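> This note's numbering puts the first residue of the sequence shown at 632, with every later residue one more than the last.
What follows is a structure written as structure tokens; I'll ask about it next.
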Amino acid sequence: GSAYSCGLGVSCWIQGKRPVDLCNGGVIWSCCVPRNAEPSKEGMVKDALCGRTYLRNSKVVGGENAKFGQQPWQAAVVKRSFLSQKISCGGALVHERWILTAAHCVDRTPASNLRVRLGEHSIRDTTERYPHEEYTVRRKIVNEGFDRRNFKNDIALLELSHPVVFREHIIPICLPSKGDNFTGGFATVSGWGRLKYGQSYIPNILQKVSVEVLENEKCKTWFKDKGRREQIYDTMLCAGYKDGGRDSCQVPTASQ
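In structure tokens:
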């Protein structure tokens, strides 16, 4: 295996590869990766159970590197332009053809300019046990009640152009049942987002952090104590810590 290198985006195109905006240089200075990842014939899982991990890994909490295959439902939503493509946000595999993601990430982008990457762990490394797989998007469905002004109903679905073959590192997450209450429990937030506010560096390796699920009223009180007036609707799930430090703002728009 090998690690992908950063270089001039134009040079990458000449080589028949594709530049990905992972080097903090946009189209000009990009990570150069193969145009198409070869589909893996290994690690197939028959009758896969949602929410189950099939690779043995040690548990990691607190905003550290996730282990390979530890978040097998993690999706990377990629936006494409003429000269480059960029991982813009995360999502979760919920069905062999459906990805759950944030509406604000895809509402202004045509489905034809979106790609979904599954089984990814280290963006620039090819030494992983199994390779990632990339899918085109047939259509997107944005919640009709989504409002960018307050991010109410910030949820969307992406239908993949062809069904996913479940593997040890690509497994769907379970969907909750109506009426489920997760208050007091812990949720896992994962993604390739910035680790600190104002930081330009984006980690290559998938990050994950555990956060407590709170009552919405408690969140409102915490915001009020900080002098902030945030709108929290009944359709929102609130999680985190009063003093911050571990939250989805540091691993943003991710699989949960």
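We put the beta carbon where it would ideally sit given N, CA and C, even for glycine.
Note that this is a predicted model, so its numbers are computed, not measured.
In whole angstroms, what separates the C-alpha of A818 from that of N812?
Cα to Cα, A818 sits roughly 12 Å from N812.
> Cutting at 6 Å between CB atoms, please list the residues of its own chain near G656, excluding the five before and the five after it.
For G656, the pLDDT reaches just 49, beneath the cut-off of 50, and the residue's location in the model is therefore unreliable, although a value from the coordinates is still provided. Cβ within range, chain order: n/a, list empty.
> Three-state secondary structure (DSSP) at K710?
Looking at K710 - three-state DSSP - the assignment turns out to be strand.
> So if DSSP puts N781 in a beta bridge, which residue, or which two residues, is it bridged to?
DSSP lists no partner for N781.
> Distance check for R859 and L724, CA to CA, integer angstroms please.
Using only the alpha carbons, I get a separation of about 34 Å.
> Could you have a look at W729 and say whether DSSP puts it in helix, strand or coil?
Here W729 sits in strand by DSSP.
> For E848, which of helix, strand or coil comes out of DSSP?
Here E848 sits in helix by DSSP.
> If we ignore side chains and look at the alpha-carbon of each, how far apart do S821 and K849 end up?
About 23 Å.
> What whole-angstrom Cβ distance do E727 and V676 have, given they're in contact under 8 Å?
Not confirmed; about 12 Å, so no contact.
> Do three or more CB pairs link the stretch 767 to 776 to the stretch 740 to 756 at distances below 8 Å?
Contact between the stretch 767 to 776 and the stretch 740 to 756 is present, because at least three Cβ pairs lie under 8 Å.
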